[in-house]
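First residue of the sequence shown: 6, per my numbering; consecutive thereafter. The C-beta atom is built at its ideal place from N, Cα and C for all residues, glycine as well. Remarks on the structure that follows.
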Amino acid sequence: MNNVSLLILRIIFAGSMLYGHGISKLTKLIEGNVSFSNPIGIGEVPTLILAVFSEFVAPIFIIIGYKTKLFSFFPAATMFVAVFVVHFGDSFKSFEKALLFLAGFVIIMLVGPGKYSIDRKIF
Numbered sequence: 006m007n008n009v010s011l012l013i014l015r016i017i018f019a020g021s022m023l024y025g026h027g028i029s030k031l032t033k034l035i036e037g038n039v040s041f042s043n044p045i046g047i048g049e050v051p052t053l054i055l056a057v058f059s060e061f062v063a064p065i066f067i068i069i070g071y072k073t074k075l076f077s078f079f080p081a082a083t084m085f086v087a088v089f090v091v092h093f094g095d096s097f098k099s100f101e102k103a104l105l106f107l108a109g110f111v112i113i114m115l116v117g118p119g120k121y122s123i124d125r126k127i128f
């Protein structure tokens with residue numbers, strides 16, 4: 006059951022990130038609408054590109070279980086910035102979802118993908 010739980014965890018967290026956040030950011034980038042926040046001071050376009058990678062590309066690899074621990078780092082880091090930089094000092098309600106995503110991706114990063122993953126088939 007543990008391996009099934011890890012598969013479900015990967016699908017729910019990465020799928021929610023991809024569908025709920027990544028697709029809209031990818032669309033924004035493709036359409037050239039690069040107006041975006043710049044919380045870490047690297048510029049709007051680089052920040053948007055990093056967000057697309059963290060919220061669209063990385064979740065695909067997490068779902069299929071390829072280099073899961075590595076790819077889980079990116080959405081975890083993005084959610085860390087969302088919680089502790091973007092929403093720092095705001096009400097709990099404003100950063101609750103980012104905190105839950107952060108926890109989920111950190112757990113995936115620490116525990117790994119489980120038996121039902123490409124990682125287990127290859128390595």
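message: In whole angstroms, give me the CA-to-CA distance for Pro64 and Leu34.
response: Residue numbering aside, residue 64 sits at position 59 when the sequence shown is read from its first letter. Residue numbering aside, residue 34 sits at position 29 when the sequence shown is read from its first letter. Looking at the two C-alpha atoms, the distance is approximately 17 angstroms.
task: Could you give the DSSP three-state label for Tyr24: helix, strand or coil?
output: Mapped onto the sequence shown, residue 24 falls at position 19. If DSSP states are grouped into helix, strand and coil, Tyr24 belongs with the helices.
message: Excluding the 5 residues flanking Leu12 on each side, which residues of the same chain have their C-beta closer than 7 angstroms to its C-beta?
response: Walking along the sequence shown from the start, residue 12 turns up at place 7. Contacts found: Gly119, Tyr121.
message: Quick check on Pro51: does DSSP put it in helix, strand or coil?
response: Residue mapping note: residue 51 aligns to position 46 of the sequence shown, counting from 1. Residue state, collapsed to three classes: helix.
- request: Return yes when the Cβ of Ala81 is within less than 7 angstroms of the Cβ of Phe110, no when it is not.
  value: Residue numbering aside, residue 110 sits at position 105 when the sequence shown is read from its first letter. Residue numbering aside, residue 81 sits at position 76 when the sequence shown is read from its first letter. For Phe110 and Ala81, yes; Cβs fall inside 7 angstroms.
query: Under 7 angstroms between the Cβ atoms of Val39 and Leu23?
result: Working through the sequence shown from its first residue, we reach residue 39 at position 34. Working through the sequence shown from its first residue, we reach residue 23 at position 18. It is not a contact, given that the beta carbons lie outside the stated cut-off.
task: Determine the contact status of Lys72 and Phe66, defining contact as a CB-CB distance below 7 angstroms.
output: The sequence position of residue 72 within the sequence shown is 67, counting from 1. The sequence position of residue 66 within the sequence shown is 61, counting from 1. Yes.
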